[in-house]
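Asks:
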Amino acid sequence: MAFSGAPVKAQVRVNINLGAQPEWGPTGYNHVDYYYLPDIETYYYVPKRQFIYLENGRWLFMSALPSRYRGYDLNNGYKVVINSPRPYQYFTSHKVKYAKYKGYNGKQSIIRNSNGSRYSKGNSGKSHSNGKNGHSGGKGKH
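Start counting at 1 in the sequence shown, then tack on 32, and there's your number in the numbering used here.
Right, dumping it as C-alpha coordinates:
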(Lines of atoms letter the chains of each structure in order from A and count residues from 1; the text may use other names and numbers.)
(Lines give C-alpha, C1' and ligand atoms only; values in the text may rest on other atoms or scores of the structure.)
Protein backbone atom coordinates (compact mmCIF):
# COMPACT_ATOMS: atom_id res chain seq x y z
CA MET A 1 0.00 0.00 0.00
CA ALA A 2 1.35 3.40 -0.96
CA PHE A 3 0.31 6.73 0.46
CA SER A 4 0.79 9.95 -1.40
CA GLY A 5 2.14 13.06 0.22
CA ALA A 6 -0.73 15.17 -1.17
CA PRO A 7 -2.49 17.38 1.35
CA VAL A 8 -5.85 16.21 2.59
CA LYS A 9 -8.73 18.64 2.35
CA ALA A 10 -11.37 18.45 5.05
CA GLN A 11 -14.85 19.81 4.65
CA VAL A 12 -16.65 21.31 7.57
CA ARG A 13 -20.34 22.03 7.33
CA VAL A 14 -21.76 24.79 9.48
CA ASN A 15 -25.54 24.93 9.76
CA ILE A 16 -26.62 28.55 9.40
CA ASN A 17 -30.26 29.27 8.67
CA LEU A 18 -30.27 33.05 8.38
CA GLY A 19 -32.31 33.00 5.16
CA ALA A 20 -34.89 30.67 6.69
CA GLN A 21 -35.67 32.95 9.61
CA PRO A 22 -38.80 35.07 9.17
CA GLU A 23 -38.42 38.84 8.89
CA TRP A 24 -40.25 39.23 12.19
CA GLY A 25 -37.58 37.13 13.96
CA PRO A 26 -35.10 38.83 16.31
CA THR A 27 -31.67 39.86 15.03
CA GLY A 28 -28.39 38.44 16.28
CA TYR A 29 -28.81 34.71 15.67
CA ASN A 30 -27.01 32.59 13.05
CA HIS A 31 -29.26 29.60 13.69
CA VAL A 32 -32.73 29.26 15.16
CA ASP A 33 -34.83 26.13 15.54
CA TYR A 34 -37.82 27.53 17.43
CA TYR A 35 -39.20 30.80 18.70
CA TYR A 36 -41.44 30.90 21.75
CA LEU A 37 -43.96 33.75 21.63
CA PRO A 38 -44.89 34.48 25.27
CA ASP A 39 -47.76 36.86 24.41
CA ILE A 40 -49.74 34.09 22.76
CA GLU A 41 -48.04 31.05 24.35
CA THR A 42 -47.17 29.67 20.93
CA TYR A 43 -44.04 28.25 19.31
CA TYR A 44 -42.80 28.77 15.76
CA TYR A 45 -40.70 26.05 14.11
CA VAL A 46 -38.34 27.84 11.71
CA PRO A 47 -37.29 24.94 9.40
CA LYS A 48 -40.89 24.04 8.52
CA ARG A 49 -42.35 27.54 9.02
CA GLN A 50 -45.03 26.22 11.35
CA PHE A 51 -46.75 27.70 14.34
CA ILE A 52 -47.25 25.24 17.19
CA TYR A 53 -50.06 25.99 19.61
CA LEU A 54 -52.41 24.22 22.00
CA GLU A 55 -55.94 23.53 20.84
CA ASN A 56 -58.22 21.45 23.06
CA GLY A 57 -55.26 19.89 24.85
CA ARG A 58 -53.38 18.94 21.65
CA TRP A 59 -50.42 20.62 20.00
CA LEU A 60 -51.26 21.67 16.44
CA PHE A 61 -48.61 22.38 13.79
CA MET A 62 -50.00 24.93 11.33
CA SER A 63 -48.70 27.33 8.68
CA ALA A 64 -50.74 30.22 10.13
CA LEU A 65 -51.92 31.36 13.52
CA PRO A 66 -55.51 30.55 14.51
CA SER A 67 -58.18 33.22 14.14
CA ARG A 68 -58.13 33.97 17.89
CA TYR A 69 -54.71 35.61 17.32
CA ARG A 70 -55.85 37.61 14.29
CA GLY A 71 -54.80 40.91 15.88
CA TYR A 72 -51.42 39.73 17.13
CA ASP A 73 -48.47 41.65 15.68
CA LEU A 74 -45.53 39.30 15.07
CA ASN A 75 -43.24 42.26 14.40
CA ASN A 76 -43.70 43.77 17.86
CA GLY A 77 -44.22 40.68 20.01
CA TYR A 78 -41.26 39.31 21.94
CA LYS A 79 -39.58 36.15 20.61
CA VAL A 80 -37.49 33.78 22.72
CA VAL A 81 -35.03 31.68 20.71
CA ILE A 82 -35.04 28.00 21.71
CA ASN A 83 -32.61 25.60 20.05
CA SER A 84 -33.67 22.32 21.55
CA PRO A 85 -35.94 19.63 20.09
CA ARG A 86 -39.69 19.69 20.78
CA PRO A 87 -39.69 22.65 23.20
CA TYR A 88 -43.48 22.47 23.52
CA GLN A 89 -42.91 19.44 25.78
CA TYR A 90 -41.57 21.99 28.29
CA PHE A 91 -44.40 24.47 27.78
CA THR A 92 -45.30 24.69 31.48
CA SER A 93 -41.73 25.68 32.32
CA HIS A 94 -41.46 28.13 29.40
CA LYS A 95 -44.78 29.73 30.29
CA VAL A 96 -43.46 30.59 33.76
CA LYS A 97 -39.87 31.38 32.78
CA TYR A 98 -40.76 33.78 29.95
CA ALA A 99 -43.94 35.34 31.38
CA LYS A 100 -41.95 38.50 32.11
CA TYR A 101 -41.75 39.15 28.34
CA LYS A 102 -45.51 39.32 27.83
CA GLY A 103 -46.42 42.79 26.65
CA TYR A 104 -42.76 43.56 25.84
CA ASN A 105 -43.89 45.08 22.54
CA GLY A 106 -41.34 46.65 20.23
CA LYS A 107 -38.36 46.28 22.54
CA GLN A 108 -36.56 43.70 20.41
CA SER A 109 -34.72 44.40 17.16
CA ILE A 110 -36.15 42.34 14.28
CA ILE A 111 -34.66 41.15 10.99
CA ARG A 112 -37.14 43.17 8.95
CA ASN A 113 -35.79 46.44 10.36
CA SER A 114 -32.14 45.35 10.27
CA ASN A 115 -29.59 46.93 7.97
CA GLY A 116 -27.35 43.89 8.39
CA SER A 117 -26.35 42.18 5.16
CA ARG A 118 -26.27 38.82 6.97
CA TYR A 119 -30.05 38.49 6.68
CA SER A 120 -31.68 37.45 3.43
CA LYS A 121 -34.33 39.93 2.32
CA GLY A 122 -35.92 37.19 0.21
CA ASN A 123 -37.84 35.68 3.12
CA SER A 124 -40.68 38.08 3.74
CA GLY A 125 -42.63 36.04 6.26
CA LYS A 126 -45.71 37.91 5.02
CA SER A 127 -47.91 34.86 5.32
CA HIS A 128 -47.35 34.96 9.08
CA SER A 129 -47.70 38.68 9.70
CA ASN A 130 -50.82 40.74 9.94
CA GLY A 131 -49.19 43.52 7.92
CA LYS A 132 -48.41 45.95 10.74
CA ASN A 133 -45.05 47.65 10.57
CA GLY A 134 -43.15 47.10 13.79
CA HIS A 135 -40.60 49.55 15.13
CA SER A 136 -38.30 47.99 17.62
CA GLY A 137 -35.31 49.15 19.56
CA GLY A 138 -33.25 46.79 21.70
CA LYS A 139 -31.90 43.29 21.45
CA GLY A 140 -33.34 40.44 23.44
CA LYS A 141 -31.09 37.38 23.37
CA HIS A 142 -31.29 34.32 25.58
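Ideal Cβ placement from N, Cα and C applies to all residues, glycine included.
In three-state DSSP terms, what is Tyr130?
Replies: If DSSP states are grouped into helix, strand and coil, Tyr130 belongs with coil.
Asks: Just confirm the distance between the C-beta atoms of Ile84 and Tyr120, as a whole number of angstroms; I'd bet it's less than 8 Å.
Replies: With a Cβ gap of about 5 Å, Ile84 and Tyr120 count as contacting.
Asks: Quick check: the Cα distance between Arg81 and Tyr75, rounded to an integer number of angstroms?
Replies: So the two alpha carbons sit approximately 10 Å from each other.
Asks: When you compare only the Cα positions, how much space is there between Tyr136 and Leu92?
Replies: About 25 Å.
Asks: With distances taken Cα to Cα, identify the nearest neighbour of Pro177 among His63, Lys134, Asn88, Gly89.
Replies: Residue 177 is absent from the model: the chain starts at 33 and stops at 174.
Asks: So what's Ala52 in DSSP terms, helix, strand or just coil?
Replies: Helix, per DSSP.
Asks: Assuming Lys139 contacts Pro70 (C-beta within less than 8 Å), just tell me the rounded distance between them.
Replies: At roughly 12 Å, the Cβ-Cβ gap does not stay under 8 Å, so Lys139 and Pro70 are not in contact.
Asks: Considering Cα atoms alone, identify which of Ser116, Ile114, Tyr77 is closest to Leu97.
Replies: If we check each option's Cα against that of Leu97, Tyr77 comes out closest.
Asks: Below 6 Å CB to CB, which residues in the same chain sit around Ile114 once its five sequence neighbours on both sides are set aside?
Replies: The residues are Tyr66, Tyr68.
Asks: Bridge partners of Tyr67, per DSSP?
Replies: According to DSSP, Tyr67 bridges with Tyr76, Val113.
Asks: Going by Cα to Cα distance, which pick from Arg102, Arg118, Ile142, Ala52 is closest to Ile72?
Replies: Residue Arg102 is the option with its Cα nearest to Ile72.
Asks: Need the endpoints of the beta strand (DSSP E) that Tyr85 sits in, please.
Replies: 82-87 is the span of the beta strand (DSSP E), which, as asked, contains Tyr85.
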